[in-house]
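Engineer:
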Amino acid sequence: MESVQVFNLLDRIFYLNLEEEFYISIRAEKNSNKDILDSEYIKNIIKKQKQKYQKINSKRKRFNSLYLITNDDCNLNCRFCSMRSNLLERKVNSINLLDMDTIIGSIEKINPRKIIITGGEPTKNSDLLDILKLIKFNNNISSKIYLQTNGTLITEEYFSKLVKLIDGIEMSVGHYKDISKLEDKIEMITKKGIDFVTTLTIDRTINENLDILNLIFKKNIKFILNFINNSGSAYDNNLKIMRYREKIKTYIIMLEYILNNNFNCDNVVGSLFNYPRIRKSCNAFGKMVTIFPNGDIGMCNKSFDDFFKINKYNDIIDEINNKIESKEYQELLCVDKKIMCKDCKFRYFCGGTCVADELINSIDIEGCKMNKTFIVFNLLIYDCKMTNHDNIKSLKKYLEFCYNNPEWINNV
1 MESVQVFNLL DRIFYLNLEE EFYISIRAEK NSNKDILDSE YIKNIIKKQK QKYQKINSKR
61 KRFNSLYLIT NDDCNLNCRF CSMRSNLLER KVNSINLLDM DTIIGSIEKI NPRKIIITGG
121 EPTKNSDLLD ILKLIKFNNN ISSKIYLQTN GTLITEEYFS KLVKLIDGIE MSVGHYKDIS
181 KLEDKIEMIT KKGIDFVTTL TIDRTINENL DILNLIFKKN IKFILNFINN SGSAYDNNLK
241 IMRYREKIKT YIIMLEYILN NNFNCDNVVG SLFNYPRIRK SCNAFGKMVT IFPNGDIGMC
301 NKSFDDFFKI NKYNDIIDEI NNKIESKEYQ ELLCVDKKIM CKDCKFRYFC GGTCVADELI
361 NSIDIEGCKM NKTFIVFNLL IYDCKMTNHD NIKSLKKYLE FCYNNPEWIN NV
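Quick note on numbering: the UniProt record's numbering labels position 98 of the sequence shown as 98, and the sequence is numbered without any gaps.
1) Going along the chain, which residues of its own chain have a beta-carbon closer than 7 Å to the beta-carbon of residue 196, five neighbours each way excluded?
2) Within this structure, are the beta carbons of residue 215 and residue 209 separated by less than 8 Å?
3) Which residues in the same chain have their Cβ closer than 8 Å to the Cβ of residue 414, if we skip the five residues on either side of it in sequence?
4) Alpha carbon to alpha carbon, how far is residue 212 from residue 151?
5) Run the CB neighbour count on residue 158, radius 10 Å, all protein chains shown included, and call it buried at 16 or more, exposed below.
6) Would DSSP call residue 83 helix, strand or coil?
7) Taking the runs of the beta strand (DSSP E) that are 3 residues or longer, which of them lie wholly in the stretch 171-223?
8) Please work out which residues of its chain come closer than 8 Å, Cβ to Cβ, to residue 409, disregarding the five sequence neighbours upstream and downstream, and give them in chain order.
9) Just the Cα atoms here: how many angstroms apart are residue 111 and residue 11?
10) Return yes when the Cβ of residue 72 is within less than 8 Å of the Cβ of residue 293, no when it is not.
11) Does the structure place the stretch 106-125 close enough to the stretch 286-302 that three or more beta carbon pairs sit under 8 Å?
12) Three or more C-beta pairs closer than 8 Å, one from the stretch 316-326 and one from the stretch 90-103: is that the case here?
13) Determine the extent of the alpha helix (DSSP H) in which residue 90 is found, giving its start and end residues.
14) Would you call the stretch 334-341 and the stretch 132-151 touching, i.e. three or more CB-CB distances under 8 Å?
15) For the structure I just gave you, are there three or more beta carbon pairs, one from the stretch 232-241 and one from the stretch 74-84, closer than 8 Å?
16) Of all the options 105, 119, 186, 164, which has the alpha carbon lying nearest to the alpha carbon of residue 173?
17) Could you check the C-alpha separation between residue 267 and residue 379 for me, to the nearest Å?
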C-alpha cells in the first residue's frame, strides 16, 4: 500500500491509504505476522476497499457545497447567533434579483453537489422564491438545493410555492415554545415528502427541550444536535461554552430518553452512526464556497475573515486554485502541515482543527475531544449488523464510560 499511515487504536491497527482515501483495520494479534499485508486474505480486503471508494469518489463532484447567504437579518434574536443576525442596530445586507445576474455565473462554474440557502433567516428576503427559480431551472446547475430556516415565517401558501424549488429543508426547532405550532409546521413539511432535517442548538441543558425532542422522536424525523461554539454573537457576548463532560451528559440524557420511551428513531440517530472517512483537510480547502449577502465570496461558511476571501471579479475556479496552492493556506488547513494536529492519530478522520476558530484565537479543544469520542465509537464499537436500538444502548454505555473517565480519550 502506497502513501500509508499506520496507527494503533486499542486492539486494532489501522492502515490508511491517503492517496486513494481508504483504510483497513486488523486485530493487533494478527498483525504480529510481519507478512500479514501480503496475505491473500488482506489483499482481497484491500481490493474490495479500493473498489468501494473508487466508486464513491467517482461520483463526487469537486465542490461539495455552496452556501448562498441571501440576507443577514433575522426575525428571531438568538443570543448565540453565529451570523450575528441578532444585532438590530446595523446595516442589513441582502441579495436581490439584480445581484443574481453577477452571482449566477459563479454558481454555474462551481456547480456543487448541494447548494445551501441560508441567512440570517432567508425567508425574510422578498426575492427568495425568484432567486430559487433562477437556480432550480438553470440547465448549467445540477446541484441539490437545501434551505436552512427557523420555519416561523413559512405559511402553507408560501410553502406550496417553495417546495417546488428545493430538495430539502433543515429547520431549527429550539425557539418553538408552543409545541402545537411546531407540530403543525412539521406536518406541513413532512406531508410533501421532501428531505427534512431538524436541528436543536443547546446552550444550557437539554432538559429544557425534552418536549421538543419528544415530538421529533415520536415522528422519527432526521435530527442533528448542535452545541454553541465560540463564534459570532456567542464569542462577542463571552457566553459560557459547554465543556466535554456536559456535552457527553447531554447525549446520555437524550439516548436514555429514547430507550426509556422505546422510540423508533432510525432517522433520528442517523447523524450519530457514521462510517468515518479519510479527511485530509476541512471543506474550506477547495471543497466549499460561500457567497455573502454583501457580495463577498469566501471559502468558509463560518468566517468573514479576509484570509478566506477570493476575488469575485476574476475567474472563481482560478482564484480557488491559487488559494489552495498557497503555502500559508496549506499550513493552516491541511492536517499534514498543521502543527497542532501533527501528533494526533485521529487527524485524518476529522480534517483538523477549525481554522475559523484559530483566526480568532478560539481553538475548540473540547470539540476535538468530542470528535475523537465519536470517531472511536464508529471505528470500533458501532456494529452495522445490530439494530439501531442496540447500537444506541452500546453508545450510551460507551458515553457513560467517557463521562466517568474524561481524560481517557486523550490517551487512547
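Built from N, CA and C at the ideal position, the CB exists for glycine as well.
Structural biologist: If we stick to the structure as given:
1) For residue 196, where only same-chain residues beyond five positions count, the Cβ hits under 7 Å are 168, 169, 189, 190, 221, 222.
2) No, the pair does not count as a contact, with Cβ atoms beyond the cut-off.
3) Nothing about residue 414 can be read from this structure; the chain reaches only from 1 to 412.
4) Near 15 Å, if we compare the C-alpha coordinates of residue 151 and residue 212.
5) With fewer than 16 other Cβ atoms within 10 Å, it is exposed.
6) It is coil, neither helix nor strand.
7) Whole beta strand (DSSP E) segments, 3+ residues: 195-202.
8) Cβ within range, chain order: 369, 372, 373, 376, 402.
9) When the Cα atoms are used, residue 111 and residue 11 turn out to be separated by approximately 43 Å.
10) For the pair residue 293 and residue 72, the CB atoms are nearer than the 8 Å cut-off.
11) Yes: at least three Cβ pairs fall under 8 Å.
12) Counting Cβ pairs under 8 Å, fewer than three are found: no touch.
13) Note, residue 90: premise wrong, no alpha helix (DSSP H); not H, not E.
14) Too few Cβ pairs lie closer than 8 Å, so no.
15) At 8 Å Cβ cutoff, the stretches touch.
16) 186 is the residue among 105, 119, 186, 164 whose C-alpha sits nearest the C-alpha of residue 173.
17) So the alpha carbons of these two residues sit roughly 20 Å apart.
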